[in-house]
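Reviewing the structure listed below.
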Amino acid sequence: MRIPLYIEFSGKKVAVIGGGGVGTLRAKKFIEVGAEVTVFSNEFSDELRLMFERGEVNLVKASADELNFDEIARNFDLIVVAIGSKEFNEEIIKAASKYRAMVNLANDARKTEVVVPFEGGKDGIRFAVTTEGKSGVVARKVKELFQNVLEENEELVHFLKAMDHLKEYMKSNDVPVNLRMKIYPAVGSNEEFLKLVREGKVDEARKLAEKIVKDYVSGRKKAEEGGIQF
Numbered sequence: 001m002r003i004p005l006y007i008e009f010s011g012k013k014v015a016v017i018g019g020g021g022v023g024t025l026r027a028k029k030f031i032e033v034g035a036e037v038t039v040f041s042n043e044f045s046d047e048l049r050l051m052f053e054r055g056e057v058n059l060v061k062a063s064a065d066e067l068n069f070d071e072i073a074r075n076f077d078l079i080v081v082a083i084g085s086k087e088f089n090e091e092i093i094k095a096a097s098k099y100r101a102m103v104n105l106a107n108d109a110r111k112t113e114v115v116v117p118f119e120g121g122k123d124g125i126r127f128a129v130t131t132e133g134k135s136g137v138v139a140r141k142v143k144e145l146f147q148n149v150l151e152e153n154e155e156l157v158h159f160l161k162a163m164d165h166l167k168e169y170m171k172s173n174d175v176p177v178n179l180r181m182k183i184y185p186a187v188g189s190n191e192e193f194l195k196l197v198r199e200g201k202v203d204e205a206r207k208l209a210e211k212i213v214k215d216y217v218s219g220r221k222k223a224e225e226g227g228i229q230f
């Protein structure tokens, strides 16, 4: 079973097999986050050629049946299969497993190890949506709905800014972890704090959060059990 993760891909090596439309989109996605991308294909899109001229991507002219998948798996962190035929999928999966490389099968959503979802976000809040191959149309619709919620609800961004400050404030003041886990929900449910957040008074919300922390640390307030901070 797959689980959702955010993985740092800056500096990772990505092999894309296929230089058409899907291969181009996948290559661009990983290049944008700082990965070192090499595309293997007999033919390349005009966009990939331009990217190559700008030094953004490596291009290797070769058809899939000419490739040494063991060699690719040994030298890359992720292999993206972006060709229409599934003929080489099992061979690629076997090689990747042998050398512990990850595989994204753009041509087989059911068997792929890595899913590339639709994603969106705003001001530090990020999300990803997938139906794991059932319907890209539905996944895109859900992504648009989530994005609209963020765009129309500035309060969430204010809430994040205030809570992020709270986290950094407690860490910098060496508040014990067990106490921090109790203070997060206490602040996050404080009516005065939430009112300031709703009004966009982020600086005042931050100051109130600091005061609440001091009250708990000094013992003036007792933190209740429970609460998990993500």
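full-length UniProt numbering numbers the first residue of the sequence shown as 1 and each following residue consecutively.
No residue lacks a Cβ here, since even glycine has one placed at the ideal position from N, Cα and C.
Only a predicted model underlies this, so the values are computations on that prediction, with no experimental measurement involved.
Contact check, glutamate 113 vs valine 103 under 8 angstroms by CB: the rounded distance?
5 angstroms
Work out the CA separation of glutamate 168 and glutamine 229 for me, nearest whole Å.
Any reading at glutamine 229 is ruled out, since the residue's pLDDT is 38, under 50, leaving its predicted position unreliable.
Between alanine 109 and lysine 86, what straight-line distance do the alpha-carbon atoms span, to the nearest angstrom?
11 angstroms
Mind checking glycine 84: buried by the 16 CB within 10 Å criterion, or exposed?
exposed
Residue burial classification, alanine 62 (beta-carbon count within 10 angstroms, cutoff 16):
exposed
Identify, in the order they occur along the chain, each residue of the same chain with its Cβ nearer than 7 angstroms to the Cβ of lysine 221, setting aside the five sequence neighbours on each side.
Asp215
So, is valine 177 buried or exposed, given that buried needs 16 or more other C-beta atoms within 10 angstroms?
exposed
Along the chain, where does the alpha helix (DSSP H) that runs through glycine 136 open and close?
136-152
Assigned exposure category for aspartate 6 - 16 Cβ within 10 Å defines buried:
Checking the displayed sequence, the identity of residue 6 turns out to be tyrosine instead of aspartate. When all chains shown are included, tyrosine 6 counts as exposed.
Put methionine 1 into one of helix, strand or coil per three-state DSSP.
coil
Comparing C-alpha positions only, which one of Gly121, Met170, Leu50, Lys207 sits nearest to valine 142?
Gly121
Can you look up alanine 73 in the DSSP assignment and give me helix, strand or coil?
helix
Rounded C-alpha distance that separates proline 185 from leucine 156
16 angstroms
Environment of glycine 219 [buried if 16+ CB atoms lie within 10 Å]:
exposed
How far does the beta strand (DSSP E) with glutamate 119 in it extend, from its first residue to its last?
118-122
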